[in-house]
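Trainee: Handing you this structure, nothing more for now.
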Amino acid sequence: MRDNLPMESPQQKQYLRVQIANKLQRSFHLSEHEYFLGNYNSWLIKDVLLQGHVYLTSDSLLFFAFLQNKDMQNEESTNVAINDDSLSIIQSGTLGLKTMRYGDTLVSGMLTHRYWAVLRQDTMSIYSSSTELYFPLIVIDIKSCLYVEVSNKQKYEKEAVSPVGRGYAGYGISRQNSGTSTPRDSDDVSSDLRDLLQQEASEETVESSSSHVWIKLVTRKKTYRFQCDSLFVARKWCNNLTKLIFHHNNTNSNSEVLIKIPHSNIIEYNQFAIFSEDQDEEDKIEDEENDIPFGWNVKYYSNNESRSTRLKKKFTGEDESLETESIYFLFPKSGSNFFNEFEKIVQNNQQQVKKESSSELVRTLSETFKRSKQDDSRKQLGKSISTLTPSLNNLVQSVLNANGMDSDSILSQQSSEKSTAKKFGSTLVNATKIFAPKKSPSVIINESSDDNNDIPEPKNEQNNFCLPKNLSVGGLRSLDILLETSIKQMGEAITRYDTSNSAKSQEELFSTISRDSSQTKGGGYGPSAITKALTVFGSKLRPIPSHYQSFSDNDSYYIKQLKVRERDQNNYRETFALGEDCKLISSYNCYLQRSFPVYGEFFIGETEICFKSSLPGLSTKMIVPIFDIEAVKKEHGIRLAYSGIKIICKGREEMTLEFNLGSSRTDCYRVLCQQLNYTNDETNDSIDRHIDDTEASSMNGDNYHIPSSLEIARKRIEMARIKMFEDRLTTASGLDIPIMLEDSPFLKTEMKPSASYKITLLTIGSRGDVQPYIALGKGLIKEGHKVRIATHGEFGPWIKKHGLEFKEIAGDPGELMSFMVNHSSMSVSFLKDAQAKFGAWITKLLTTSWEACQGSDILIESPSAMAGIHIAEALVIPYFRAFTMPWTKTRAYPNPFFVPDQKKGGSYNYLTHVLFETVFWKGISSQVNKWREEELHLPRTNLYRLQQSRVPFLYNVSPCILPPAVDFPDWVKVTGYWFLNEGYGDYQPPSDLVGFMRKASEDKKKVIYVGFGSIVVKDAKSLTKAVVDAVVKADVRCILNKGWSDRLSKDKNEIEIELPKEIFNSGNIPHDWLFPRIDAAIHHGGSGTTGATVRAGCPSVIKPFFGDQFFYATQIEDLGVGLSLKKLTAKSLTKAIVSVTTDSAIIDKCKKLASKMSKEHGVLSAIEAIYSELEYSRNLSLIKDNHNINYKKHNPDFPARVGSPKSDSSGESVLTSDVKNSSFLSFAV
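Residues in the sequence shown are numbered consecutively from 1, following the UniProt record's numbering.
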């Protein structure tokens, strides 16, 4: 373990030691005279693997673990409005859900719809899409959940291939080739396998056969079943849900896990090995290193029965024997120290028992004394403490099932009467000495030198247990994960665990959610149920508001009956699955305008507003955080005699409420104003509210801390690393192991890779295609990895300037840009010209890309580079795709090369992706397959075997611009833009540019930017003249980046037109410095430039030239933050400039969208996704590697056939025939 421990004040350390000692004394009721014997790092094995500490005292065994507060913030901030919902989001993504209650035996495909799911600290919510987050279809309260599991897990485990024991060792070791590995099944008949490998299948067949993994979430009242895209996705949902369920049900109010087992209560204990021994002598670990992980479990009398329970057993004649419990621990290091110390305690207490028993008369045991002796045993037992609640304990049960055992097989069965021989006595210590220098155990143990071997010892045998998959200690170490610890700020720890902040009653500290194992089944609609429903519905028709807080002494709407207020408060929290801290302020009956008016009840709470439909057959719910509300306006209702309120939320989403009484509308408006911290003014019909980052940061006082979006993004990376290790451990051991790290007030523990990865970023194209990869590379370097960018030679100096390794691949960006501008969309001429002009270049690109990627551990590629997926298959390394435009088959967005003039629906969008993928592969398949055989030594492939739809994909675009589609697989992530931020820090802009902008400000003139990036145009002079004329006519000042005329022109010797004084030719200026200082930007709609304008709150005028530029022009216009020009002339550009610089609606929307985007951290989100999906991607590579090994084994003539003539060896002939004979292509284009 690597430690990073900064120096702290000795006084602070000593103070904290005393504080934590006092806390342990209070929490566990330790006596003033109890001695502390040892503190050991350990993990509790229950439904999760929980990091904590085992403390040994002379009287008890203690386990203590700090867990993170449920709100990811200090307790003092519970009354503070949180301005970012991402604070509580644990996981989000798409899930399938059956829409009708059919039997499980029916085919689920036609009955399953995809929804957007969001898992928060207290709830799991299901939405229709990622943009409808105020209207949940289902809200599941985590506190009501019992357990979650993968349905028919054995059926899907074939998807996971274990990397342990394969031809290469370790994750962090670079490898030059695919190595050797053991195929999963090599006994198939050669001819059958060859037929199978040559079989052509569709992508849909693959997805339907391997993607439908179901998870089952069991609550007290209902069981939910959700469909996941893969076993890895299902495990991620199950692990996160299991952790939240454990947190809610097994901690006290301070989010602490406490276990106290008095020595006198212990029946038996057992040490057991979990990991097998290494086969190779050189890999064996010597016992004296005390570094072998082992498990330890103890069985004890819980002594937690209530008096009423014991009386009930007595009168019903039930067995009155004491209840027992078993606890399991894992000691990763220094386990033998703990076990030796515990053995000394056992021996010392046996001697004490022997001395006490020798002074007593021997009594004969008979049936008449059993009950009285049992009562005596109760009195002699110590008081045990545990915040744990009963559960299935799937983690332990899975190990026992793998070994053909039950929970009682580990420990021998012992009668309660014989337990007196195992009582370990009692001596006590001062709790303030817990962190004092350790005393010698011999002071306590050797108090009695009388040794008598006649006293039977507790049963203690060394057992070995096998995991579902055999995993050795060496295999565990090869997973390349370490726990890194660093000391936290002592001031934070003192504040969190000060004595004054811990004065809570023991009942509150140990309050947990009681879990009822019985499940309530849904009943029928009998007369009583109908009567009750009608009664409730009738009570909801009252139009008079209800206040649950008094606003004045004569508040006529205030409900004075305490029981009624408490009942409605509880119903409010239960209906919307809100926490105990959520308080209801007022409620109203009104209509919510959706597709049609929905009648229901509107609630105003302290931290949210909610709506629930009251009409039978409708289940509309709305939950909107107060902080998301940006404006409230009074309006006339759509219907006559109705009064309305319009609520405007983030993203300018509007919701309208209609009241049949004007007084109800007035009261609702007044209460909303009060909740939004405004003084009610009856003369105002609207209020606007905007809290910027400065105001939000000023809310962070001395008593609380609201994590910033940057802190949250970094925290998510830590969670992703844990998920990566969970995947590795699960794949290697065959056991689903949710891991929870302790949130200690002293030490911060993180899971990190033990070795840095060599990551190659492969891309082609313009400057805008390379720049995001530089930003990502710098972020990965900060994570401790080595990063190389492979792209065109002209970008080499730029990349090296940022501290990244550079490798050159073939290609000229200028030629690529010229070709793309001349062919703005996919067409038959596009395919013919591409093959004629770039056929030889593709061959060079494939070869140079293969050379540039040698030695990589992870490959991230822009799919336009074409080679990456094959290189990753040859190197058997994880592979990711990253792109700036929609590339995944979806019904939400069209392929960028087939963007229609007007929207044509989901079927058209999906067809464009299928068409492009098919045509693109047909154009390059012959060259790629030849390259695979001759240079990569891989068999030929096709679209089916490539499995492109299952490759992890990173979209470096803001979710505001490209919202995740519900039909995106879970491994497709929209991370946010990867900004390079070249204009930050010590950047110094040109002095003449600063002077030009200052002069424009003095003249009160608008300043705009005009630049089309690396675009190559046919007639640069005409474009420049149109821009100049439009700037002069619009009477604005222009900063011009005349890049289009520097690349290519029909006559390069032609003299450019003279620029007027209103235009400053700046060249390349960092967008992140320039755009916040101007009034509008005219550009080509490239992804990076579009993101920079939105981030700066700068309106855009987009003239697209090809590809994704048309897509982003449409998106920007739909969002209302800019305009799109189909044709750029002086007249059209003049009109557009005047519009975007004067239209207040466009300017206001730009500011709102920029504020929302400021919470995104695209590079950090991408790193989170890489860690999260790394093992899934590695598994895909291993599966392909198995296929290739089997293919070569059953085709021994494969090397001899490399380079032999094939029917489709000529790429040109294949493409030509396809183009000539493909009527469907011509029709689609």
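Built from N, CA and C at the ideal position, the CB exists for glycine as well. Please read all numbers here as calculations on a predicted model, not as lab measurements.
Have a look at Tyr773 and Trp978 and give me their C-alpha separation to the nearest angstrom.
Mentor: Along the sequence shown, one-based indexing puts residue 773 at 773. Along the sequence shown, one-based indexing puts residue 978 at 978. Roughly 8 Å separates the two Cα atoms.
Trainee: Reducing DSSP to helix, strand and coil, say where Gly172 ends up.
Mentor: Counting from 1 along the sequence shown, the entry for residue 172 is found at position 172. Below a pLDDT of 50, predicted positions are generally treated as unreliable, and Gly172, at 40, falls in that range; the measurement from the model is reported next regardless. Correct three-state label for Gly172: coil.
Trainee: In angstroms, rounded to a whole number, what distance separates the CA positions of Arg220 and Leu244?
Mentor: Indexing the sequence shown from 1 puts residue 220 at position 220. Indexing the sequence shown from 1 puts residue 244 at position 244. Answer to the nearest angstrom: the Cα atoms are 16 Å apart.
Trainee: Which whole-angstrom value is the C-beta distance of Met724 and Tyr1171, which I expect to be below 8 Å?
Mentor: Taking the sequence shown and counting its residues from 1, one reaches residue 724 at position 724. Taking the sequence shown and counting its residues from 1, one reaches residue 1171 at position 1171. Indeed, because the Cβ distance is near 5 Å, the residues count as touching under 8 Å.
Trainee: Just curious, the beta strand (DSSP E) that Glu861 is in, first and last residue?
Mentor: Residue 861 sits at position 861 when you count from the first residue of the sequence shown. That run of the beta strand (DSSP E) goes Ile858 to Glu861.
Trainee: If you follow the beta strand (DSSP E) that Tyr55 is in, where does it begin and where does it stop?
Mentor: For the purposes of this step, residue 55 is taken as the residue at position 55 of the sequence shown. Here the beta strand (DSSP E) through Tyr55 covers Leu49 to Thr57.
Trainee: Count the other CB atoms within 10 Å of the CB of Glu325; is the residue buried (16 or more) or exposed (fewer)?
Mentor: Along the sequence shown, one-based indexing puts residue 325 at 325. With 16 or more Cβ atoms within 10 Å of its Cβ, Glu325 is classed as buried.
Trainee: Do you know offhand how far Ser1144's Cα is from Gly1120's?
Mentor: Walking along the sequence shown from the start, residue 1144 turns up at place 1144. Walking along the sequence shown from the start, residue 1120 turns up at place 1120. Roughly 11 Å between the two C-alpha positions.
Trainee: Of the choices Leu381, Glu268 and Ser276, whose alpha-carbon is the least far from that of Phe342?
Mentor: Start at 1 with the first residue of the sequence shown, and residue 342 comes out as number 342. Nearest option by C-alpha distance: Glu268.
Trainee: Could you round the C-beta distance between Leu747 and Ser486 to whole angstroms and report it? I think they count as a contact, below 8 Å.
Mentor: What you label residue 747 is simply residue 747 of the sequence shown in a count that begins at 1. What you label residue 486 is simply residue 486 of the sequence shown in a count that begins at 1. The pair is a contact, with the Cβ atoms about 7 Å apart (cut-off 8 Å).
Trainee: How would you label Leu710, buried or exposed, when you count the other beta carbons within 10 angstroms and need 16 or more for buried?
Mentor: For the purposes of this step, residue 710 is taken as residue 710 along the sequence shown, with counting starting at 1. Exposed: under 16 other Cβ atoms inside 10 Å.
Trainee: With a threshold of 7 Å on Cβ separation, who are the neighbours of Leu584 within its own chain once the five nearest residues in sequence on each side are excluded?
Mentor: As a first step, residue 584 must be located in the sequence shown, where it is residue number 584. Correct list, in chain order: Tyr548, Asp568, Gln569, Tyr572, Phe603 and Gly605.
Trainee: Return the chain-ordered list of same chain residues with a C-beta closer than 6 Å to the C-beta of Leu388, the five sequence neighbours on each side being excluded.
Mentor: Within the sequence shown, residue 388 is the residue found at index 388, counting from 1. Only Asn250 meet the Cβ criterion.
Trainee: Tell me whether Gly779 sits in a helix, a strand or coil according to DSSP, three-state version.
Mentor: Walking along the sequence shown from the start, residue 779 turns up at place 779. Correct three-state label for Gly779: helix.
Trainee: Between which residues of its own chain and Lys807 is the CB-CB distance below 7 Å, once the five residues before and five after are set aside?
Mentor: The residue given as residue 807 occupies position 807 in the sequence shown. These residues qualify, in order along the chain: Arg788, Ala790 and Ala852.
Trainee: So, at 7 Å on beta carbons, what are the nonlocal neighbours of Asn981 in its own chain, with the 5 sequence-adjacent residues on each side left out?
Mentor: Counted from its first residue, the sequence shown places residue 981 at position 981. Taken in chain order, the residues that qualify are Asp1072.
Trainee: DSSP state of Asn39, grouped into three classes?
Mentor: The residue given as residue 39 occupies position 39 in the sequence shown. Residue state, collapsed to three classes: strand.
Trainee: At which residues does the alpha helix (DSSP H) containing Ser130 begin and terminate?
Mentor: Residue 130 sits at position 130 when you count from the first residue of the sequence shown. Unbroken run through Ser130: none, as it is neither H nor E.
Trainee: So, do the segment 138–151 and the segment 119–130 have three or more beta carbon pairs nearer to each other than 8 Å?
Mentor: Contact holds: three or more Cβ-Cβ distances are below 8 Å.
Trainee: According to DSSP, is Arg932 helix, strand or coil?
Mentor: Locating residue 932 in the sequence shown gives position 932, where the first residue counts as 1. Three-state result, Arg932: helix.
Trainee: Just how far apart, CA to CA, sit Val257 and Ser664?
Mentor: As a working note, residue 257 is residue 257 in the sequence shown. As a working note, residue 664 is residue 664 in the sequence shown. Roughly 48 Å between the two C-alpha positions.
Trainee: Does the beta-carbon distance from Gly96 to Asn265 come in below 8 Å?
Mentor: Along the sequence shown, read from residue 1 onward, the residue named residue 96 stands at position 96. Along the sequence shown, read from residue 1 onward, the residue named residue 265 stands at position 265. Taking 8 Å as the Cβ cut-off, Gly96 and Asn265 do not qualify as a contacting pair.
Trainee: So, Pro939 versus Tyr1176, is the Cβ gap smaller than 8 Å?
Mentor: To locate residue 939, count along the sequence shown from 1; it is residue 939. To locate residue 1176, count along the sequence shown from 1; it is residue 1176. Going by C-beta atoms, Pro939 is not nearer than 8 Å to Tyr1176.
Trainee: Inspect the beta-carbon positions of Val914 and Lys930 and report whether they are closer than 8 Å.
Mentor: By one-based count along the sequence shown, residue 914 stands at place 914. By one-based count along the sequence shown, residue 930 stands at place 930. Taking 8 Å as the Cβ cut-off, Val914 and Lys930 do not qualify as a contacting pair.
Trainee: Is Asn239 helix, strand or coil by DSSP?
Mentor: Position 239 of the sequence shown, counted from the start, is the residue given in the question as residue 239. Of the three classes helix, strand and coil, the one that applies to Asn239 here is helix, per DSSP.
Trainee: For Ala1026, report the span of its beta strand (DSSP E) as first-last.
Mentor: Taking the sequence shown and counting its residues from 1, one reaches residue 1026 at position 1026. Note, Ala1026: premise wrong, no beta strand (DSSP E); alpha helix (DSSP H) at Ala1020 to Ala1034.
Trainee: Using the Cβ count rule (16 or more neighbours within 10 Å means buried), how would you classify Tyr987?
Mentor: As a first step, residue 987 must be located in the sequence shown, where it is residue number 987. Its Cβ having fewer than 16 others within 10 Å, Tyr987 is exposed.
Trainee: With Phe1111 as the anchor, note down where its beta strand (DSSP E) starts and where it stops.
Mentor: Within the sequence shown, residue 1111 is the residue found at index 1111, counting from 1. Counting along the chain, Phe1111 falls outside any beta strand (DSSP E), though it belongs to the alpha helix (DSSP H) covering Asp1108 to Leu1119.
Trainee: Within the same chain, show all residues whose beta-carbon is closer than 6 Å to that of Gly976, passing over the 5 residues directly before and after it, in chain order.
Mentor: As a working mapping, residue 976 is identified with position 976 in the sequence shown. Cβ neighbours of Gly976 beyond the five flanking positions: Ser958, Glu1160, Gly1162 and Ser1165.
Trainee: Please check the pair residue 1267 and Ser925, which I expect to be a contact at CB under 8 Å, by giving their CB distance rounded to whole angstroms.
Mentor: The structure shown does not extend to residue 1267, since the chain is modelled only from 1 through 1229, so no value can be given for it.
Trainee: With the cut-off set at 8 Å, would you say Ile1078 and Val1101 are in Cβ contact?
Mentor: As a working note, residue 1078 is residue 1078 in the sequence shown. As a working note, residue 1101 is residue 1101 in the sequence shown. Contact flag unset, no.
Trainee: Between Gly796 and Gly579, what straight-line distance do the alpha-carbon atoms span, to the nearest angstrom?
Mentor: To locate residue 796, count along the sequence shown from 1; it is residue 796. To locate residue 579, count along the sequence shown from 1; it is residue 579. In a straight line, the C-alpha of Gly796 is about 54 Å away from that of Gly579.
Trainee: Which residues share a DSSP beta bridge with Ile481?
Mentor: Counting from 1 along the sequence shown, the entry for residue 481 is found at position 481. Answer by DSSP bridge pairing, in chain order: Pro753.
Trainee: Going residue by residue through the segment 935–1014, where are the continuous alpha helix (DSSP H) segments of at least 4 residues, counting only ones entirely within it?
Mentor: With a minimum length of 4 residues, the continuous alpha helix (DSSP H) runs that stay inside the segment 935–1014 are 943–946 and 991–1002.
Trainee: Do you know how far the Cα of Lys973 is from the Cα of Ile858?
Mentor: On the sequence shown, position 858 is the one that residue 858 refers to. On the sequence shown, position 973 is the one that residue 973 refers to. So the alpha carbons of these two residues sit roughly 18 Å apart.
Trainee: Are the beta-carbon atoms belonging to Pro969 and Asn239 less than 8 Å from one another?
Mentor: Within the sequence shown, residue 969 is the residue found at index 969, counting from 1. Within the sequence shown, residue 239 is the residue found at index 239, counting from 1. Not a contact, by the Cβ cut-off of 8 Å.
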